[in-house]
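Colleague: Pasting a structure here, questions to come.
What follows is the structure in C-alpha cells.
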C-alpha cells in the first residue's frame, strides 16, 4: 500500500469515526428529548392501524400523541389490536373497514396480558362495581339525587331545554367514576341495555339473549349508542357489556398506558382520598410519602419492571407495597392488592381478611369451621406485605409495627365499633328507627362515625400517619360516640318511652348502660349521672 | 516571526532538535510488518489507552459500595449525558483488548518470536495477559449485578480450594472471609489504580526491551531476494498503526451504539441464580473446573500457566535435546483447539 493510499484511508476512517460520533450525538439528543417528554421513542405503526393514526392524528391528536409515548407504540400494538371486535359482539361496528368496539374491557386486554387480567379479576378492585345494595349507593341515588327523574321547579336562565332533572347524576359522576358503572347501551325507548339483559357468554362475551339486539339505538353509520349515565366511565369495577369486570385504564390511563404513572400515588389518589378513605393524604403524611416527595427523581420510575431492591429503594409508593414486584419475591408483580392486606377496614367493624376460594371474606366465627373455609389467610397476606417491609426494616421493627396496628384496630373495634353496631341494631330491632336509611339524625351520626372517622383512624394507623390516626380519626370517633351517638340514642328512647314504647326504650337503654358500664367507658360517669337526672 | 520566537523559547529549555527526535523515533521497521496482521501488538496497547480515558470518565460517577454501585452504573447508563456510550466503549474495548492480547500472543508463539534472546519479554507479555484478565474480572465485578456478584463469589470459593495458600488468597480477594462492604472498594482500587499502574510499567518495559532488541524479523518463502528488508517507522508504519487505531475506534463506536451494554438484575446475596457464568474470557477455565475436581482443576490451571510462563526455556530445551524441533507448533495447535473448544462448549451449554 502506498503512502498516498494510506493517507486517503486515514482520512476516510477519520471521517467515518466522526460520522459515528455525530450519530451518537443524535442518539443522545433523541434520548434526552424522550426523557424530558419532548419526543416519543421509536414508534411502530401496524399496517391495520395506519389509517387510524393518520385520521385521528388530525381529529383527536391527543389520543395519538399519548399512544406514541406508550410501550404499545414501541412494540407495534396499535389501535385495532385493542379496539378490535368480533362479529357478534354487541357493541361492534364497522369503522373504515375494521370491525371495532369503543370500550376496551379486561377481556380485550387479557388477550395479551392474561396473567394480569386473571389476578385483577380476582381482586376486590374488580368487584368495586357491586355497590348496588350499599349505603353509599343509596346516598347518591336517593338521598343526594333521585332514582326517577323529576321536574325542575323553576327555570335555569340560559338553559331553556331543561325539562327533566336526572336524579342519577350524582351517582354517575361521583360513585361510578371510581366504583365503575354498569355500562349500558341506549335502548330505542331511551332505556338502558346492560349485561344483565344481554346475558353474555362467559367465554366469548357475546350476548346470548338475541331478542334485545333489535332494541339497541344506533347512529346513522350503524354505531351502537351508549347510555350517557354509564359511559364514558373508567371506574375500576366497571360492569362491562361482555360480562367482564373492571377497567384496566382506571390505573393505566388510556392511551399511553403509562407504567410510570401507575407507580405514583397520585394515580391511586383519583379514588383513594377524601373524608371517608383518605389513603393518599395519609400516605403523604407518613414518612413513606415524605421520602417519596423528596426522592422521586431518584426512584427510577421509568424502569421496565420497577422492582424494589433492584431498580430503586428510596421510598415506597402505594404500588410498591400493594402490587409491585420486589427483590425478595423474585420481582413478581400482583394485580390483586388484596394479596398483601391482612385487615379489612372497610366495614364498620374491622375484620381479619381471611378469604375463601372465591376471594370472599370468611365471617365464620367457629375456629374449626373457619379453618376449613379459609384458602388464603390474613397471616399469609401479612407475610407477603412483610416481605416488602423487610427491604428497609428489620423483622423486629416490622413485627412491632404490626403489633401497634393490631392494637389500634382492636381498640377501635371493641370500644366504639362493636358497641355502636349493637346500639344501632337494638334500635332497629325494637322499631325505634324507620326502615329507611339516613332519614334520622342518628343514622348520619353512626355513618360519620364508622364510615368517615373510623376509617380515617384505621387507615391512618395502617399507614403510619399519626394525625389521621388520632385527630382526624379516633378523637372524632370518640367525640361522635360520646357527644352525639349516645345522646341521640337516649333521646330516641326518651321519646319512645313517652309515646308508649317503654319496654323497647328500656331494652335499648339496657344495652347502652351495659356498654357505658364497661371499664373503658367508666371515665364518663357524669354523662351517666346527667342521663339519670333527665 | 512569532513562530521563531516560540521555537527559540522551547529550544532554550528543551535541548532536543526535530532532527534528533526523528532519529530517535524513526527506527527502521522490518519489512514483514507491512502485513497488518503482524501489527496486532499495538492493538492491545491502543485499546488500553481507550480503557484509561473511558475509565476515568466512568470513575467520575461510579460509587464503589454495595449500596450505591449498581445505582451509580444505572445512573451512568440511563441519566448521565453520553454515559451509555462511554460505558459501551469501555465494555467493548475490554472485550476487544482481551481478544487482541490473546491474538498477539498467539502470533508471537507461532512465529517463535519468544525465543532467545526474547524470553524475558515473553514473560512480561504473560504478566500483561494475567493483568488483563484480572482487570477484566474486577471490572465486571464492579457492576454489582447478580451474575457479576455471584461470579466473584464463585471465584473466591475457587481460591479457597487451593491447598495452604487458598484461604489467604480468598481473604485478599474479598477483603474478608465473605463478600462484604469493603470488597467492592478493593476491586475498584485494583481495577482503576493498582493494575493499570502495573500494566503501564510492564508495557513500558515490554516496549523498551522491544526497542533495545529490535523486532524479530521474518522472511517469507516467496519474497524476492532483493526486496527491501526494512522501511521507515515514520510515516509509513505510523500510518498503518493509525489506520488500525481508527478502524478500532469505528468498530468500538458501532458496537457501543448497535449493541449497547445492558444492566442485569441487581446483586442479591440471598438468592443464588440458577445459572452462574463468568465473562466469555473465563469460559475455558470455568469449563475446565467443571470437568475435574476443584483442587485438581485449580492446581492444573496453575501448572498450565507456569508452563506458559516458562515456555521459552522448555521449548529451548526440547529443540536442543530432542529431534522434535517443531514441537511448539503442534503443542500450540492443540492448545488453540483446547482454548476454542472449551470456550465454545461452555458457551453453548446452559450448565
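Chains as they are written, first to last, in this note's numbering: chain A, 85 to 618; chain B, 51 to 401. Don't be surprised by glycine CBs; every beta carbon is placed ideally from N, CA and C.
List, in order along the chain, the chain A residues whose C-beta lies closer than 8 Å to that of residue 296/B?
Modeller: Per Cβ cutoff of 8 Å: 94, 97, 98, 100, 101.
Colleague: For the alpha helix (DSSP H) that residue 177/A lies in, which residues bound it at each end?
Modeller: From DSSP, residue 177/A is part of no alpha helix (DSSP H) but of the beta strand (DSSP E) over 177–179.
Colleague: Look at residue 97/B and residue 61/B and say whether their C-beta atoms are less than 8 Å apart.
Modeller: Result no, Cβ atoms of residue 97/B and residue 61/B do not sit closer than 8 Å.
Colleague: With 16 other CB atoms within 10 Å as the buried threshold, where does residue 105/B fall?
Modeller: Buried: at least 16 other Cβ atoms inside 10 Å.
Colleague: On the three-pair Cβ rule with 8 Å, is the segment 167–181 of chain B touching the segment 248–259 of chain B?
Modeller: Yes, since at least three Cβ pairs between the segment 167–181 of chain B and the segment 248–259 of chain B fall closer than 8 Å, the two stretches touch.
Colleague: Going by beta-carbon coordinates alone, are residue 190/A and residue 178/A separated by less than 8 Å?
Modeller: No, the pair does not count as a contact, with Cβ atoms beyond the cut-off.
Colleague: Note down, in chain order, all residues in the segment 300–326 of chain B with a beta-carbon under 7 Å from any beta-carbon belonging to chain A.
Modeller: Answer set for the segment 300–326 of chain B: 300, 303, 304, 307, 315, 316, 318.
Colleague: Using a C-beta to C-beta distance shorter than 9 Å, which residues of chain B count as neighbours of residue 620/A?
Modeller: This structure does not reach residue 620/A, given that chain A is present from 85 up to 618, and the question cannot be answered.
Colleague: Would you give the residue range spanned by the beta strand (DSSP E) that residue 184/A belongs to?
Modeller: Run containing residue 184/A: 182–184, per the beta strand (DSSP E) assignment.
Colleague: Give the range of the alpha helix (DSSP H) segment to which residue 76/A is assigned.
Modeller: This structure gives no information on residue 76/A, because the portion of chain A shown stretches from 85 to 618.
Colleague: Since residue 285/B meets chain A, which of its residues come closer than 7 Å, beta carbon to beta carbon?
Modeller: 87, listed in chain order.
Colleague: In this structure, does DSSP put residue 381/B in helix, strand or coil?
Modeller: In this structure, residue 381/B counts as helix in the three-state DSSP scheme.
Colleague: Quick check on residue 112/A - is its C-beta less than 8 Å from some C-beta in chain B?
Modeller: Yes, its Cβ sits closer than 8 Å to a Cβ of chain B.
Colleague: Which chain E residues are close to residue 122/A, counting only those with a beta carbon under 9 Å from its beta carbon?
Modeller: Given the protein chain composition of this structure (A and B), no chain E is represented.
Colleague: Sort out for me which residues DSSP pairs residue 300/A with in a bridge.
Modeller: The partner list for residue 300/A (beta bridge, DSSP) reads 271/A.
Colleague: Determine whether the Cβ of residue 384/A lies closer than 8 Å to any Cβ atom of chain B.
Modeller: Yes, because at least one Cβ of chain B sits closer than 8 Å to the Cβ of residue 384/A.
Colleague: Is it the case that the segment 285–302 of chain A contacts the segment 159–166 of chain A, given that we only count it when at least three CB pairs across the two stretches are under 8 Å?
Modeller: Result no; under three Cβ-Cβ pairs closer than 8 Å.
Colleague: Using the rule of at least 16 other Cβ atoms within 10 Å of the residue's Cβ for burial, across every protein chain shown, is residue 222/B buried or exposed?
Modeller: So residue 222/B counts as exposed.
Colleague: When the Cα of residue 228/B is compared with those of 328/B, 247/B, 319/B, which residue comes out closest?
Modeller: Residue 319/B is the option with its Cα nearest to residue 228/B.
Colleague: Which runs of the alpha helix (DSSP H), 4 residues or longer, sit entirely within the segment 121–203 of chain B?
Modeller: Runs found: 133–160, 169–192.
Colleague: Looking at residue 441/A: is its Cβ nearer than 8 Å to the Cβ of residue 418/A?
Modeller: Against a cut-off of 8 Å, the Cβ pair of residue 418/A and residue 441/A comes out as no contact.
Colleague: Anything in chain A within Cβ reach of residue 127/B, meaning under 8 Å, just list it in chain order.
Modeller: The premise fails here: residue 127/B is roughly 11 Å from chain A at the closest Cβ pair, so nothing lies under 8 Å.
Colleague: Suppose contacts are defined by Cβ-Cβ distances below 8 Å. Is residue 266/B in contact with residue 157/B by that definition?
Modeller: Result no, Cβ atoms of residue 266/B and residue 157/B do not sit closer than 8 Å.
Colleague: Can you name the residues that DSSP bridges to residue 263/B?
Modeller: Its beta-bridge partners do not exist; DSSP assigns none.
Colleague: Kindly indicate if chain A contains any beta-carbon less than 8 Å away from that of residue 251/B.
Modeller: Judged by the 8 Å Cβ criterion, residue 251/B is not in contact with chain A.
Colleague: Tell me the DSSP secondary structure of residue 366/A in three-state form.
Modeller: Residue 366/A falls in the helix class under three-state DSSP.
Colleague: Closer than 7 Å by beta-carbon distance: list the chain B residues that pair up with residue 106/A, in chain order.
Modeller: Per Cβ cutoff of 7 Å: no residues; residue 106/A is ~10 Å from chain B at best.
Colleague: Output the distance between the C-alpha atoms of residue 188/A and residue 166/A, rounded to the nearest integer angstrom.
Modeller: Cα to Cα, the separation comes out at about 7 Å.
Colleague: Using a Cβ-Cβ distance under 8 Å, would residue 124/B count as near chain A?
Modeller: Yes, its Cβ sits closer than 8 Å to a Cβ of chain A.
Colleague: Against residue 393/A, what residues of chain B qualify as contacts under a CB-to-CB distance less than 9 Å, listed in chain order?
Modeller: Here the neighbours are 316, 318.
Colleague: Apply the 10 Å Cβ neighbour rule to residue 335/A and answer buried if 16 or more other Cβ atoms are within range, or exposed otherwise.
Modeller: Residue 335/A is buried by the Cβ-count criterion.
Colleague: Going by CA-CA distance only, name the one from 153/A, 102/A, 100/A that's closest to residue 123/A.
Modeller: Closest by alpha carbon: 153/A.
Colleague: Does the separation of the CB atoms of residue 392/A and residue 475/A fall below 8 Å?
Modeller: Contact flag set, yes.
Colleague: Taking CB distances under 8 Å as the criterion, tell me whether residue 104/B reaches chain A.
Modeller: No, residue 104/B lies away from the interface with chain A (no Cβ there is under 8 Å from its Cβ).
Colleague: Here's the rule: buried if 16 or more other CB atoms are within 10 angstroms of the residue's CB, otherwise exposed. What is residue 246/A?
Modeller: Flag for residue 246/A reads exposed.
Colleague: Can you check whether the C-beta of residue 388/A is within less than 8 Å of a C-beta belonging to chain B?
Modeller: Chain B, which has no Cβ nearer than 8 Å to the Cβ of residue 388/A, makes this no.
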